[in-house]
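K.L.:
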Amino acid sequence: MLLPSSRFDLPFTCIDSTGLPTAPTGTPTGTLVKNGVDQGTTVTVSMTGAQGIASCSIPSNAAAGDRFYLRISAVISAITYVVAGPSEAIESPHTLTTDYDPAKSPAPTAATIATAVRTELVTELAHIDATISSRLAAASYSAPTVPPSPATIASQVRTELSAELERVDISVSSRLAANSYSAPGTIPTASAIAAQVRTELSTELARVDAAISSRLAASSYTSPPSINGLATSDSINSLASYVETLPDAAQIAAVILVDPTKKLLTNDEGYVTSTNDGGTGGGGNQSTFIMPLRLTSMERVQANRIDLFVRERVPLTISIYDAQRQAVDCIGLVCTLFIEGGVEIPELTPSSEANVGIANRYSFTPPESLTSAPATRWFSLRVSDTTQRVLAFGHLVIAQVP
Numbered sequence: 000m001l002l003p004s005s006r007f008d009l010p011f012t013c014i015d016s017t018g019l020p021t022a023p024t025g026t027p028t029g030t031l032v033k034n035g036v037d038q039g040t041t042v043t044v045s046m047t048g049a050q051g052i053a054s055c056s057i058p059s060n061a062a063a064g065d066r067f068y069l070r071i072s073a074v075i076s077a078i079t080y081v082v083a084g085p086s087e088a089i090e091s092p093h094t095l096t097t098d099y100d101p102a103k104s105p106a107p108t109a110a111t112i113a114t115a116v117r118t119e120l121v122t123e124l125a126h127i128d129a130t131i132s133s134r135l136a137a138a139s140y141s142a143p144t145v146p147p148s149p150a151t152i153a154s155q156v157r158t159e160l161s162a163e164l165e166r167v168d169i170s171v172s173s174r175l176a177a178n179s180y181s182a183p184g185t186i187p188t189a190s191a192i193a194a195q196v197r198t199e200l201s202t203e204l205a206r207v208d209a210a211i212s213s214r215l216a217a218s219s220y221t222s223p224p225s226i227n228g229l230a231t232s233d234s235i236n237s238l239a240s241y242v243e244t245l246p247d248a249a250q251i252a253a254v255i256l257v258d259p260t261k262k263l264l265t266n267d268e269g270y271v272t273s274t275n276d277g278g279t280g281g282g283g284n285q286s287t288f289i290m291p292l293r294l295t296s297m298e299r300v301q302a303n304r305i306d307l308f309v310r311e312r313v314p315l316t317i318s319i320y321d322a323q324r325q326a327v328d329c330i331g332l333v334c335t336l337f338i339e340g341g342v343e344i345p346e347l348t349p350s351s352e353a354n355v356g357i358a359n360r361y362s363f364t365p366p367e368s369l370t371s372a373p374a375t376r377w378f379s380l381r382v383s384d385t386t387q388r389v390l391a392f393g394h395l396v397i398a399q400v401p
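The sequence shown lines up with residues 0 to 401 when you count with numbering that gives the first Met the number 0.
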């Protein structure tokens with residue numbers, strides 16, 4: 000968009016025949032063309048390398064609709080090139096309206112603003128006065144009376160206080176008449192208080208003494224013997240003579256060797272392997288064989304129950320034989336491992352020993368709950384409900400599982 004007397008610029012680049020930017024020889028010239036006619040207006044051309052810009056001023060007499068363009072002539076590599084730039088049209092000039100043109104509508108002065116404010120205030124104040132006056136007419140207004148003096152106020156206060164104090168006095172006096180009141184007597188002395196306390200204590204201590212004395216009279220008490228008395232006591236001397244008459248080891252051994260039923264069977268290592276508490280005539284519970292097993296011992300053997308005392312967690316086996324040392328078939332029996340504290344492992348299955356062929360052995364491993372601390376554990380066999388057999392243990396062989 001161009002306007003009369005405005006500046007018209009045209010940037011351009013000089014290139015040779017190969018299309019590469021090339022600085023021209025000398026300074027290019029420019030011509031301003033209006034509606035296809037050269038105007039002869041001075042055109043200024045400035046160059047920087049191959050880049051240039053042509054500038055000129057549009058004539059002041061240019062009218063709306065006139066079209067202008069710049070024609071540039073330059074010599075590049077001995078060849079003269081003439082190129083016309085794009086054309087631009089002259090547009091009608093814009094003018095400001097009266098409200099936006101300072102020359103046509105100058106800003107008001109301070110005096111003008113103040114006059115306008117005073118004019119508006121007169122109108123608005125008239126509105127306020129009319130509104131207030133309509134609320135209370137002058138004829139409806141009464142001036143306030145003269146306020147009371149301090150003396151008048153004090154007199155009125157005393158009058159009100161007298162009336163209220165009379166009410167208080169009547170209320171208090173009605174609760175206790177003067178003729179109903181007795182002054183307190185003489186306060187007792189410290190001696191009188193102490194004497195009365197002693198009198199009451201004598202009565203109460205007499206009750207306590209009667210209760211204690213009735214339990215053991217002094218005449219019924221016997222003092223304990225002294226150290227010297229104990230040393231010469233017949234009871235102590237008799238005890239010493241009784242201890243001295245107990246049998247010694249040789250006497251005990253002689254008794255055992257005389258009666259074969261009281262002998263203990265041991266192995267080469269000195270462990271007891273058999274206890275013969277039923278004689279030599281056979282029958283149930285004749286003997287219980289215990290193979291050496293560290294920290295494990297028999298507790299009790301009866302009709303169909305074996306109690307073990309186990310102190311460490313090791314795999315165990317129990318092999319069962321009758322009085323004639325024949326393997327007992329345990330098929331059909333119910334075998335349960337009872338653990339102290341209410342835990343039980345039911346239905347252990349019997350297995351056969353090597354070269355026996357009869358299921359007379361039970362194997363088990365005490366559970367993780369069995370620690371190294373001493374604790375009683377039971378291994379118990381019960382009679383099956385289906386066979387109702389009564390099992391009489393003859394020989395038991397207890398050993399650690401290999």
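The C-beta atom is built at its ideal place from N, Cα and C for all residues, glycine as well.
Mind reading off the beta-carbon distance from V32 to F67? Whole number of angstroms is fine, and I expect it under 8 angstroms.
P.N.:
7 angstroms
K.L.:
Once the 5 residues before and after I14 are set aside, which same chain residues still bring their CB inside 8 angstroms of it?
P.N.:
Once the five neighbours on either side are set aside, the close Cβ partners of I14 are P20, T21, A49, I75.
K.L.:
What did DSSP end up calling G228 once you bin it into helix, strand or coil?
P.N.:
helix
K.L.:
Can you look up I78 in the DSSP assignment and give me helix, strand or coil?
P.N.:
Correct three-state label for I78: strand.
K.L.:
Apply the 10 Å Cβ neighbour rule to L164 and answer buried if 16 or more other Cβ atoms are within range, or exposed otherwise.
P.N.:
exposed
K.L.:
Give me the DSSP bridge partner(s) of V32.
P.N.:
D37, Y68
K.L.:
Could you tell me if I330 is buried or exposed, where buried requires 16 or more neighbouring beta carbons within 10 angstroms of its beta carbon?
P.N.:
Exposed, since its Cβ has fewer than 16 Cβ neighbours within 10 Å.
K.L.:
Using 7 angstroms as the threshold, is the C-beta distance between A73 and P23 below it?
P.N.:
yes
K.L.:
Who are the Cβ neighbours of T12 in its own chain at under 8 angstroms, not counting the five residues just before and after it?
P.N.:
P20, A49, Q50, G51
K.L.:
Candidates P27, T118, S5, V81: which alpha carbon is nearest N60's?
P.N.:
S5
K.L.:
Please classify Q50: does DSSP put it in a helix, a strand, or coil?
P.N.:
strand
K.L.:
Do L1 and I57 come within 7 angstroms of each other at the CB atom, strictly closer than that value?
P.N.:
yes
K.L.:
Taking all protein chains shown into account, decide if R197 is buried (16 or more other Cβ within 10 angstroms of its Cβ) or exposed.
P.N.:
Exposed.
K.L.:
Which residue wins for smallest C-alpha separation from A63, given the options T43, A88, S148?
P.N.:
A88
K.L.:
Would you list the residues sitting across from S350 in a DSSP beta bridge?
P.N.:
R360
K.L.:
Please check the pair A328 and N354, which I expect to be a contact at CB under 8 angstroms, by giving their CB distance rounded to whole angstroms.
P.N.:
Note on identity: in this sequence residue 328 is Asp, with Ala being the wrong assignment. In fact, because the Cβ distance is near 16 angstroms, the residues do not count as touching under 8 angstroms.
K.L.:
Going by alpha carbons, who is nearest to S16 out of T47, A77, M46?
P.N.:
A77
K.L.:
Look at the alpha carbon of A137 and the alpha carbon of L124, and state the distance between them as a whole number of angstroms.
P.N.:
19 angstroms
K.L.:
Distance check for T47 and T30, CA to CA, integer angstroms please.
P.N.:
20 angstroms
K.L.:
In terms of residues, what are the limits of the beta strand (DSSP E) holding I317?
P.N.:
315-320
K.L.:
Starting from D8 and walking both ways along the beta strand (DSSP E), at which residues does that stretch end?
P.N.:
6-12
K.L.:
My guess is that A53 and V42 are in contact by the Cβ rule of under 8 angstroms, so how many angstroms apart are they, rounded?
P.N.:
About 5 angstroms; that satisfies the 8 angstroms criterion.
K.L.:
By Cβ distance below 6 angstroms, which residues in the same chain neighbour S91 in space, the five residues on each side in sequence not counted?
P.N.:
Cβ within range, chain order: A63.
K.L.:
What three-state label does DSSP hand L149 in the structure shown?
P.N.:
Before going further, note that residue 149 is Pro rather than Leu in the sequence given. Of the three classes helix, strand and coil, the one that applies to P149 here is helix, per DSSP.
K.L.:
To the nearest angstrom, how far is the alpha carbon of E199 from that of A162?
P.N.:
The alpha-carbon atoms of E199 and A162 are separated by roughly 56 angstroms.
K.L.:
For T185 and N178, I'd like the C-alpha separation in whole angstroms.
P.N.:
20 angstroms
K.L.:
Of all the options S86, Q155, I226, which has the alpha carbon lying nearest to the alpha carbon of L9?
P.N.:
S86
K.L.:
Could you check the C-alpha separation between P223 and L204 for me, to the nearest Å?
P.N.:
The alpha-carbon atoms of P223 and L204 are separated by roughly 30 angstroms.
K.L.:
If distances are taken between C-alpha atoms only, which option among I112, A182, E352, L69 comes closest to T40?
P.N.:
L69
K.L.:
Using DSSP with H/G/I as helix, E/B as strand and the rest coil, what is S56?
P.N.:
strand
K.L.:
For T43, which residues does DSSP report across the bridge?
P.N.:
S54
K.L.:
Would the beta-carbon of I357 fall within 7 angstroms of that of S351?
P.N.:
Result yes, Cβ atoms of I357 and S351 sit closer than 7 angstroms.
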